[in-house]
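Visitor:
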Amino acid sequence: SSNLAQLRLDRLSERERLLQAEHQALRESSEEMRKHQHMQAEFVRRLSHEFGTPISAVLGHLNLLQSADTDAAQARRSLGAVRRGVAHLRHLVESVLDQARLENEQFELHPGVTNLRDLVEDFSEIYGGTAAQRGLDWQVTLEAHGCTEILVDGLRLRQVLFNLVANAFKFTLTGRVTLALEWRDAQLQAVVSDSGPGISAQEQSQLFTDYGRNERSVRGTGLGLSISREIALRMGGTLKLKHSAIGEGSQFVLTVPAPIVRGKPERPAARASSQRALVVEDDADLRPLLSALLTQQGCTVVAVSGLAEIALDQQPAEVALVDMHLGQLDGSVALRQLRASWPDCYLLALSADSSQSVIERARQAGADSFLLKPLDPGGLTLALQIAAQRRGGSPDAHR
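In the working numbering, the protein residues as written are 69 to 467.
Shown next, in the form of structure tokens:
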């Protein structure tokens, strides 16, 4: 009987131990959930502030542009501020969307032709005004070693560089910020340096974590560096903090594979040769914008909200830009109709959705190329040149 009593005591002790372990696990899980909820709430608070700043700037400068008292010099300054604000907002939206895509394993890359000189000019212009206003020395350099165009996901490359440069400007109150680009042996290396306050060893250990943020930053979502490193990895590259110490500034190095584009069509010195172009876009604001971009390239443009507005049995267009989301109509239907009626027309599908399913749907409907919104004028120029070369029988047209 004593053995039976001891057995019961042992079982009770084991049950008590298991209950205590379960309670401890629940407490730890609850604490972890509380911390995560706090981090998310803090992130939303930061995000609200981060969006509010460029939105206020854009709206303020748009009001100035609408004023009859605004002179030409102020108009140029306001347009520059609007462009910087919109670029900042685009960067913020992409960061938040990419965080969701990465968490849901839906992140995709879309390599294309990226011009290195355009990259330098873009960053020089976007941050030139900010540097001048704050009295900072802002330099962008390029050592291309004969390379002008590379094959890389240009949107993602710009996104990572934007994150790095934006962080450098956030932290640097006096001195300099530099972006040094070098292409060599099918690799692009970008070094972003600043003369800011530097990063402590403790802060360095949390730099690339979700929601991690240097506390000296006056603003920031805390996602930039985490997402940037993940994007670099997905691109087959690396992103590292090369050097930083308190009082010595910081230096980040991005390295990504970047094959040189061979057998490419020459980029036009000015306008592409005149082409008949069709724009099929249901958005009343985007339609005239696309028309203007094509007109600048020397095209004769017809712009419609749907194919019902034109006669497909008349003279065909040589190039057509077709939105993939035409109200109630799927853009792939319009693409198929155009391909059937105008077999020689160069079809460009447009969409703000870069998912592989949308791109594949456009390809199956007959699209020759896919352009992502917001439209990159450089990408449009290249597409028009390829369209012209294909009609001329260039051997590079279908490379």
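The beta carbon of each residue, even a glycine, is placed where N, CA and C say it ideally should be. These numbers come from a predicted model, not from an experiment.
At a cut of 8 Å, does the region 255 to 264 reach the region 123 to 132 through at least three beta carbon pairs?
Guide: With a cut-off of 8 Å, the region 123 to 132 and the region 255 to 264 do not count as touching, because too few Cβ pairs lie within range.
Visitor: Can you list, in chain order, the residues of its chain whose CB lies under 6 Å from that of Ala199, leaving out five sequence neighbours each side?
Guide: Excluding sequence neighbours, Ala199 sits near Trp206.
Visitor: Where does Glu211 sit, in a helix, a strand or coil, going by DSSP?
Guide: Three-state DSSP puts Glu211 in a strand.
Visitor: Taking all protein chains shown into account, do 16 or more other C-beta atoms lie within 10 angstroms of the C-beta of Thr289, making it buried, or fewer, making it exposed?
Guide: With a pLDDT of 41 at Thr289, under the threshold of 50, the modelled position of this residue cannot be trusted; read the value that follows with caution. It is buried - the Cβ of Thr289 has at least 16 other Cβ atoms within 10 Å.
Visitor: Please list, in chain order, all residues of the same chain as Lys310 whose beta carbon is under 7 Å from its beta carbon, the five residues on each side excluded.
Guide: Counting only Cβ-Cβ distances below 7 Å, and skipping sequence neighbours, we find Gln319, Phe320 and Val321.
Visitor: From the DSSP output, in three-state form, read off His156 for me.
Guide: Helix.
Visitor: What does a CB cutoff of less than 7 Å around Gly148 pick up in its chain, not counting 5 residues either side in sequence?
Guide: Same-chain partners within the cutoff: Gly197.
Visitor: For Leu448 and Leu184, I'd like the C-alpha separation in whole angstroms.
Guide: When rounded, the distance between both Cα atoms is 16 Å.
Visitor: Between which two residues does the alpha helix (DSSP H) harbouring Glu271 extend?
Guide: From DSSP, the alpha helix (DSSP H) with Glu271 extends over Ala269 to Gln272.
Visitor: Is it right to say Arg287 is buried, meaning 16 or more other beta carbons lie within 10 angstroms of its own, or is it exposed?
Guide: Low per-residue confidence applies at Arg287: pLDDT is 36, beneath 50, and the placement is therefore not dependable, though the value from the model is reported in the following sentence. By the 10 Å Cβ count, Arg287 comes out exposed.
Visitor: Do you know how far the Cα of Leu389 is from the Cα of Ser373?
Guide: The straight-line gap from Cα to Cα measures roughly 11 Å.
Visitor: Could you pull out every residue in the same chain whose Cβ sits closer than 6 Å to the Cβ of Leu256, ignoring the five residues on either side in sequence?
Guide: Here the set comprises Val324 and Ala326.
Visitor: Give me the Cα-Cα distance between Arg202 and Val348, rounded to the nearest whole angstrom.
Guide: Cα to Cα, Arg202 sits roughly 43 Å from Val348.
Visitor: Whose C-alpha, out of His178, Glu316 and Glu118, is nearest the C-alpha of Ala269?
Guide: Selected option, being the one with the closest Cα: Glu316.
Visitor: Buried or exposed: where does Pro122 fall if 16 or more other Cβ atoms within 10 Å of its Cβ makes it buried?
Guide: Classification for Pro122: buried.
Visitor: So what's Ile314 in DSSP terms, helix, strand or just coil?
Guide: Of the three classes helix, strand and coil, the one that applies to Ile314 here is coil, per DSSP.
Visitor: Quick test of your reading: Arg152 and His213, contact by CB under 8 Å. State the CB separation rounded to the nearest angstrom.
Guide: Their Cβ separation, rounded to whole angstroms, is 31 Å, which puts Arg152 and His213 out of contact at 8 Å.
Visitor: Taking Ala456 as the reference, which of Val387, Phe119, Ala435 and Leu439 has the closest Cα?
Guide: Taking only the C-alpha atoms, the option nearest Ala456 is Val387.
Visitor: Roughly how many angstroms separate the alpha carbons of Gly434 and Ala408, rounded to a whole number?
Guide: About 9 Å.
Visitor: Going by beta carbon distance, what residues of the same chain come within less than 7 Å of Ala451, once the five residues before and after it are set aside?
Guide: Excluding residues within five positions, the ones whose Cβ falls inside 7 Å are Leu416, Ser437 and Leu439.
Visitor: Grouping DSSP H, G and I as helix and E and B as strand, with all else coil, what is Phe191?
Guide: Of the three classes helix, strand and coil, the one that applies to Phe191 here is helix, per DSSP.
Visitor: Could you pull out every residue in the same chain whose Cβ sits closer than 8 Å to the Cβ of Leu375, ignoring the five residues on either side in sequence?
Guide: Within the same chain, Leu375 has close Cβ partners Val348, Ala402, Gln405 and Leu406.
Visitor: Taking contact to mean at least 3 C-beta pairs separated by less than 8 Å, is the region 293 to 308 in contact with the region 222 to 233?
Guide: The region 293 to 308 is in contact with the region 222 to 233.
Visitor: So is Met303 buried or exposed if we call it buried at 16+ other beta carbons inside 10 Å?
Guide: Buried: at least 16 other Cβ atoms inside 10 Å.
Visitor: Excluding sequence positions up to five away, which residues of its chain have a Cβ less than 6 Å from the Cβ of Tyr414?
Guide: These residues qualify, in order along the chain: Val387, Asp436 and Ala455.
Visitor: For Asp391 versus Asp350, is the C-beta spacing smaller than 8 Å?
Guide: Yes. Within cutoff.
Visitor: Can you tell me which of the three DSSP states Phe276 falls into?
Guide: Note: Phe276 maps to coil in three-state DSSP.
Visitor: Could you give the C-beta distance for Val260 and Leu301, rounded to a whole number, given that I count them as a contact under 8 Å?
Guide: Incorrect: roughly 18 Å between the Cβ atoms, too far for contact.
Visitor: Scan the region 199 to 251 and note each continuous beta strand (DSSP E) run of 3 residues or more that stays entirely inside, going in chain order.
Guide: The region 199 to 251 contains these whole beta strand (DSSP E) runs: 205 to 211 and 217 to 220.
Visitor: For my contact list, Cys367 and Gln396 are in at a C-beta cut-off of 8 Å; report their separation, rounded to the angstrom.
Guide: Rounded, the Cβ-Cβ distance is 28 Å, inconsistent with contact.
Visitor: Asp137 to Leu357, Cα distance in whole Å?
Guide: One C-alpha to the other measures close to 26 Å.
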